[in-house]
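Here's the structure we're looking at; comments come further down.
Numbering (UniProt numbering), first residue to last: 1 to 205.
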């Protein structure tokens with residue numbers, strides 16, 4: 001690709017992945033199209049060439065870069081992009097998704113009742129997710145000591161990892177970590193139990 005891309009903005013992460021994909025697969029001139037995320041948010045991309053630069057910050061804005069470095073900026077539409085690049089868009093990997101499973105007090109194996117529905121959703125997603133890479137981070141509330149909570153949070157992460165392995169996910173594709181009581185979902189004073197903080201967060205990508 002002859003153009004260099006520099007991106008800015010929170011919503012640009014997903015868009016920039018697609019930009020590189022489209023540009024790498026296009027024929028000359030190089031083409032960069034800014035796509036919105038599923039919530040419709042759009043970041044900003046700065047395209048550099050040998051002769052100048054252009055910024056695009058609107059959904060479906062398009063930049064063509066010729067072999068000589070000339071940059072032409074135009075606007076496209078969702079329907080047009082879908083018609084031209086439908087197969088490429090369909091080939092994208094699923095967007096990362098996160099699940100949170102809650103545990104009973106002082107337990108690394110017993111799930112809170114409300115987690116049953118989450119486990120069912122997790123199973124369904126894993127069934128249709130090609131070669132998932134999974135990160136599991138265990139957490140505790142602030143009721144115990146730092147040392148105790150570090151161990152407990154790691155055991156919670158390992159419990160979830162064992163479940164994922166039973167679902168057919170290879171262990172090498174699962175990363176686990178324990179954060180103890182360092183990152184409470186609901187801030188409380190030290191020593192105060194809170195059911196929302198007794199959890200494991202599972203990110204699939």
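Backbone N, C-alpha and C define an ideal beta-carbon position, used for all residues, glycine too.
Closest residue to residue i among the options (Cα-Cα distance)
i           : options          : result
residue 146 : 178, 115, 56     : 178
residue 71  : 50, 164, 122, 78 : 50
residue 142 : 134, 152, 135    : 152
residue 108 : 205, 204, 198    : 198
residue 79  : 195, 164, 35, 55 : 35
residue 168 : 62, 97, 192, 123 : 123
residue 60  : 113, 48, 31      : 31
In DSSP terms, what residue i is bridged to
i          : result
residue 61 : 75
residue 53 : 48
residue 99 : 202
Whether residue i touches residue j by CB criterion (9 Å)
i           : j           : result
residue 52  : residue 68  : no
residue 144 : residue 200 : no
residue 202 : residue 102 : no
residue 119 : residue 163 : yes
residue 44  : residue 62  : no
residue 47  : residue 56  : yes
Spatial distance of residue i from residue j (CA atoms)
i           : j           : result
residue 182 : residue 166 : 29 Å
residue 77  : residue 29  : 19 Å
residue 187 : residue 135 : 23 Å
residue 82  : residue 127 : 27 Å
residue 93  : residue 116 : 27 Å
residue 42  : residue 58  : 7 Å
residue 173 : residue 161 : 10 Å
residue 110 : residue 37  : 36 Å
residue 75  : residue 33  : 9 Å
residue 150 : residue 195 : 17 Å
residue 105 : residue 158 : 17 Å
residue 204 : residue 54  : 34 Å
residue 156 : residue 132 : 20 Å
residue 191 : residue 154 : 19 Å
residue 90  : residue 84  : 12 Å
residue 121 : residue 185 : 21 Å
Assigned secondary structure, residue i (DSSP; H/G/I helix, E/B strand, else coil)
i           : result
residue 197 : helix
residue 82  : helix
residue 131 : coil
residue 181 : coil
residue 41  : coil
residue 31  : strand
residue 142 : coil
residue 206 : Lying before the first or after the last residue shown, residue 206 is absent from the chain, which here runs from 1 to 205.
residue 174 : strand
residue 111 : strand
Residue i beta carbon near the ligand ADP (any heavy atom closer than 8 Å)
i           : result
residue 194 : In the structure shown, the ligand ADP is absent, as is every other ligand, since no ligand is present at all.
9 Å Cβ cutoff, residue i in contact with chain D
i           : result
residue 143 : The chain inventory of the structure shown lacks chain D, comprising one protein chain alone.
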